[in-house]
Amino acid sequence: MAAHQQVTTEWWENWLPLFEPFISSLVIEEISRGDEAAARLRIEKIAKFPILEITNGVRRLADTYFGAIQIPEKARGDTYHFALAAFHGMDFLVTWNFGHILNPRVRTVVQTINTVQGISTPIVCTPEELMEVEDED
10 MAAHQQVTTE WWENWLPLFE PFISSLVIEE ISRGDEAAAR LRIEKIAKFP ILEITNGVRR
70 LADTYFGAIQ IPEKARGDTY HFALAAFHGM DFLVTWNFGH ILNPRVRTVV QTINTVQGIS
130 TPIVCTPEEL MEVEDED
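Take 10 as the starting number for the sequence shown in our numbering and just add one per residue.
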């Protein structure tokens, strides 16, 4: 976990400015949890990010994913992360959630559903995967 935090900090400082980041109300809710001071800092960092709207289309897509993926009800929100990114045409969905988002089986199911519905599937990756490799020569 500490390694993920270090990579995430480096990514936010050095690589995020190369992208046009978006966020959702679900992410805002998630990062608002925990230590109040730390949560406040997280909220400040994303304050200017445009917020992706949870529309009826997003809800339908998330429900379709949920029915096909067969994950626990408590993880239903993870299908919304996918649906928001796909529905709004995001290029990437960046996460450390290996259980239900970076999971290869889940990504394959989402890709299949999106292909059938004519929806582009964002590349799902960790912050580390979006960091350029620096030449050591």
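Even glycine gets a Cβ: it sits at the ideal position worked out from N, Cα and C.
Please list the terminal residues of the continuous alpha helix (DSSP H) segment that includes residue i.
| i | result |
| --- | --- |
| L27 | Per DSSP, L27 belongs to no alpha helix (DSSP H) and is neither H nor E. |
| I40 | S34 to I40 |
| I122 | P113 to Q126 |
| S90 | At residue 90 the sequence reads His, which differs from the Ser that was named. H90 -> alpha helix (DSSP H) spans R85 to F96. |
Can you name, in chain order, every residue of its own chain whose Cβ lies under 8 angstroms from the Cβ of residue i, other than the five neighbours on each side?
| i | result |
| --- | --- |
| M140 | V16, E19, W20, N23 and W24 |
| Y74 | T88, F91, A92, V118, V119 and I122 |
| F31 | F58, P59, I60, L61, H97 and M99 |
| R42 | A48 |
In the DSSP assignment, find the beta strand (DSSP E) that holds residue i and state where it starts and stops.
| i | result |
| --- | --- |
| L102 | F101 to V103 |
| I63 | I63 -> no beta strand (DSSP E), and no H or E assigned at all. |
| V132 | Per the sequence shown, residue 132 should be read as Ile rather than Val. I132 -> beta strand (DSSP E) spans I132 to C134. |
Tell me the rounded alpha-carbon separation between residue i and residue j.
| i | j | result |
| --- | --- | --- |
| D44 | W105 | 19 angstroms |
| E2 | P81 | Any question about residue 2 goes unanswered here, given that the chain covers just 10 to 146. |
| Q126 | D72 | 14 angstroms |
| I52 | Q79 | 31 angstroms |
| E137 | E62 | 27 angstroms |
| T124 | F107 | 23 angstroms |
| M99 | P131 | 6 angstroms |
| R49 | I40 | 9 angstroms |
| A116 | A11 | Just to set this straight, residue 116 is Arg in the shown sequence, not Ala. Distance between the alpha carbons of R116 and A11: 26 angstroms. |
Which residue from the options puts its Cα closest to that of residue i?
| i | options | result |
| --- | --- | --- |
| N65 | L93, G76, N112 and F107 | L93 |
| A84 | V103, L35, G127 and Q120 | L35 |
| H97 | H109, T124 and V67 | V67 |
| I110 | G86, I60, E39 and M99 | G86 |
| P26 | L70, S33 and I55 | I55 |
| P59 | A11, A47, N112 and S33 | S33 |
| F101 | A12, E38 and C134 | C134 |
Taking 7 angstroms as the line, does the beta carbon of residue i fall inside it for any heavy atom of the ligand GDP?
| i | result |
| --- | --- |
| I122 | Inclusion of the ligand GDP in the displayed structure is not the case, the ligand content being empty and no account of it being possible. |
By Cβ distance, which residues of its chain are closer than 7 angstroms to residue i, with the 5 residues on each side in sequence left out?
| i | result |
| --- | --- |
| R114 | none |
| D146 | A caution first: D146 carries a pLDDT of 49, below 50, which makes its placement in the model unreliable, though a value can still be read off. So no residue of the chain qualifies. |
Under 8 angstroms by Cβ, that's how I've got residue i and residue j pegged, so tell me the actual separation to the nearest angstrom.
| i | j | result |
| --- | --- | --- |
| A95 | S129 | 7 angstroms |
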